[in-house]
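**Student:** Below: one structure in structure tokens.
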Amino acid sequence: MGIDTVKMEDVAKKYVVMSGKGGVGKSTVAVNIATSLAMQGKKVGLLDVDIHGPSIPTMLGLSGEKLMSDGDRIQPRVVPGIENLQVVSIGFMLEKEDSPVIWRGPMKNGVIRQFLEEVQWGSLDFLIVDCPPGTGDEPLSVIQLLGDADGAIIVTTPQEVSRVDVSKSVNFCNQLKLPVTGIIENMSGFVCPHCATVTDVFGSGGGKKIADTYNIPLMGTIPIDPAIGESGDSGTPYVSRFADSPVSKIFETITRSLL
Ligand code: ADP
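Sequential numbering of the sequence shown, starting at 602, is according to our numbering.
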């Protein structure tokens, strides 16, 4: 049986940020892509439907905040200091930040549908969706409900195991007829803050290999940088805090390919 897709008016482009597994920096990448687009003057919505790890409120300085409604539709939150960027997160619905989500399948689908359907974004140039990791029911619902997303951005790390995971994500997108916009290799080498030497902690070139294998673009490689982790914890996105850094330029190049 087919699934009814949701109708989203006035959203020019929709991209889903995916990963084969958790902890590879999917949310970090989603936040920094969304922020970078907003800093380039685009109107951006960031939708965090990562049910079990909604870290985006913390990353945007909105932890503990709740969603408002006008009685009819959900009102997104404007990100402090970044006026073109609005956000809706499952995290805004949890009683406490550390409450586990224990919804069963149909309830999860209901929440995902509500988040896709009932948010009053206004007109957007971009909607960036932070999808749950993996290739299970939850990302399946997100992609099927969206119906016409413009593409998937797959985040991976250089380890062999995540190359296997990313292959699954690529096949998953192919089966769902969702174009893969490209791959981002995160945590690709560690830049020593003292001597700037790059150490390939997890090996190198995994993203390039997989991009070549599947004939899809490698959109960028992002090193491990303690400032990226600290920015996430402090609630100010890395690309707005360190706008002129080389890594922010990588994010700018990535977003330019979406424009
Ligand atoms: P996911 O969404 O895939 O579960 P997160 O974006 O939450 O992963 O990232 C996991 C952790 O790794 C976070 O603490 C984040 O700040 C950190 N992190 C992600 N990417 C980098 C990076 N390039 N350099 C340093 N820390 C990073």
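Glycine is no exception: its CB is placed at the ideal position from the N, C-alpha and C atoms.
Considering only the alpha carbon of each residue, which of Y815, I825, P794 and T606 lies closest to G804?
**Tutor:** By one-based count along the sequence shown, residue 804 stands at place 203. Comparing Cα positions, the closest option is I825.
**Student:** Based on DSSP bridge pairs, tell me the residues matched to K615.
**Tutor:** Looking up residue 615 in the sequence shown gives position 14. Answer by DSSP bridge pairing, in chain order: L728.
**Student:** Just confirm the distance between the C-beta atoms of I729 and I634, as a whole number of angstroms; I'd bet it's less than 8 Å.
**Tutor:** Position 128 of the sequence shown holds residue 729. Position 33 of the sequence shown holds residue 634. With 8 Å as the limit, I729 and I634 qualify as a contact, their Cβ atoms being about 6 Å apart.
**Student:** Assign Q745 to one of three DSSP states: helix, strand, or coil.
**Tutor:** Taking the sequence shown and counting its residues from 1, one reaches residue 745 at position 144. Helix.
**Student:** For P734, is the beta carbon positioned less than 7 Å from some heavy atom of the ligand ADP?
**Tutor:** Residue mapping note: residue 734 aligns to position 133 of the sequence shown, counting from 1. It does: the Cβ of P734 is within 7 Å (strictly closer) of some heavy atom of the ligand ADP.
**Student:** Note down the Cα distance separating F552 from V607, rounded to an integer number of angstroms.
**Tutor:** Past the boundaries of the shown model lies residue 552; the chain is included only from 602 to 860, so the question cannot be answered.
**Student:** Going by DSSP, what residues sit across from V689 in a beta bridge?
**Tutor:** As a first step, residue 689 is located in the sequence shown; it is residue number 88 there, counting from the start. The partner list for V689 (beta bridge, DSSP) reads L648.
**Student:** Using 8 Å for Cβ pairs, my map puts V767 next to I755. What's the rounded Cβ distance?
**Tutor:** Residue numbering aside, residue 767 sits at position 166 when the sequence shown is read from its first letter. Residue numbering aside, residue 755 sits at position 154 when the sequence shown is read from its first letter. That pair is a contact at about 6 Å.
**Student:** Can you check whether the CB of V689 is closer than 8 Å to the CB of L668?
**Tutor:** For this step, residue 668 is matched to residue 67 along the sequence shown. For this step, residue 689 is matched to residue 88 along the sequence shown. Going by C-beta atoms, L668 is nearer than 8 Å to V689.
**Student:** Please list the segments of the beta strand (DSSP E) lying wholly inside the region 751 to 821, counting only runs of 3 or more residues, in order along the chain.
**Tutor:** Runs found: 752 to 757 and 781 to 792.
**Student:** Report yes if the CB atom of K810 is closer than 8 Å to the CB atom of R764, and no otherwise.
**Tutor:** Locating residue 810 in the sequence shown gives position 209, where the first residue counts as 1. Locating residue 764 in the sequence shown gives position 163, where the first residue counts as 1. For K810 and R764, yes; Cβs fall inside 8 Å.
**Student:** Is the region 638 to 649 in contact with the region 773 to 787, if contact means three or more CB pairs nearer than 8 Å?
**Tutor:** Counting Cβ pairs under 8 Å, fewer than three are found: no touch.
**Student:** Below 7 Å CB to CB, which residues in the same chain sit around T837 once its five sequence neighbours on both sides are set aside?
**Tutor:** By one-based count along the sequence shown, residue 837 stands at place 236. The answer, listed in chain order, is G662.
**Student:** Helix, strand or coil for P824 per DSSP?
**Tutor:** Numbered from its first residue, the sequence shown carries residue 824 at position 223. Looking at P824 - three-state DSSP - the assignment turns out to be strand.
**Student:** Count the other CB atoms, across all protein chains shown, that sit within 10 Å of the CB of V617; report buried if there are 16 or more and exposed otherwise.
**Tutor:** Translated into the one-based positions of the sequence shown, residue 617 becomes position 16. Its Cβ being crowded by 16 or more others within 10 Å, V617 is buried.
**Student:** Just reading off the beta strand (DSSP E) that R678 is part of, what are its end residues?
**Tutor:** Taking the sequence shown and counting its residues from 1, the one referred to as residue 678 is at position 77. Counting along the chain, the beta strand (DSSP E) containing R678 begins and ends at R678 to V680.
**Student:** Identify the residues that DSSP records as bridge partners of V848: which are they?
**Tutor:** To locate residue 848, count along the sequence shown from 1; it is residue 247. Partner(s): none; V848 has no beta bridge.
**Student:** Distance, Cα to Cα, T822 vs G808?
**Tutor:** By one-based count along the sequence shown, residue 822 stands at place 221. By one-based count along the sequence shown, residue 808 stands at place 207. So the two alpha carbons sit approximately 8 Å from each other.
**Student:** Starting from the C-beta of T800, find all residues in its chain whose C-beta is less than 6 Å away, skip the five residues before and the five after it, and write them out in chain order.
**Tutor:** Indexing the sequence shown from 1 puts residue 800 at position 199. Closer than 6 Å at Cβ, skipping near neighbours: F791.
**Student:** The alpha helix (DSSP H) with S628 in it runs from where to where?
**Tutor:** Sequence index remark: in the sequence shown, residue 628 carries index 27 (1-based). K627 to M640 is the span of the alpha helix (DSSP H), which, as asked, contains S628.
**Student:** Any chance the CB of K627 is under 7 Å from a heavy atom of the ligand ADP?
**Tutor:** For the purposes of this step, residue 627 is taken as residue 26 along the sequence shown, with counting starting at 1. K627: yes, Cβ under 7 Å from the ligand ADP.
**Student:** Quick one: Cα of M609 to Cα of G748, how far?
**Tutor:** Residue 609 sits at position 8 when you count from the first residue of the sequence shown. Residue 748 sits at position 147 when you count from the first residue of the sequence shown. Spanning the two alpha carbons is a distance of roughly 10 Å.
**Student:** Work out the CA separation of K644 and L725 for me, nearest whole Å.
**Tutor:** Indexing the sequence shown from 1 puts residue 725 at position 124. Indexing the sequence shown from 1 puts residue 644 at position 43. In a straight line, the C-alpha of L725 is about 5 Å away from that of K644.
**Student:** Between which two residues does the alpha helix (DSSP H) carrying V840 extend?
**Tutor:** Start at 1 with the first residue of the sequence shown, and residue 840 comes out as number 239. Looking at the DSSP string, the run of the alpha helix (DSSP H) that includes V840 is Y839 to R842.
**Student:** DSSP state of S835, grouped into three classes?
**Tutor:** In the sequence shown, the residue the question calls residue 835 occupies position 234. Note: S835 maps to helix in three-state DSSP.
**Student:** The ligand ADP and S656: does any heavy atom of the ligand fall closer than 7 Å to the residue's C-beta?
**Tutor:** Here the question's residue 656 lines up with position 55 in the sequence shown. Yes, the ligand ADP has a heavy atom inside 7 Å of this Cβ.
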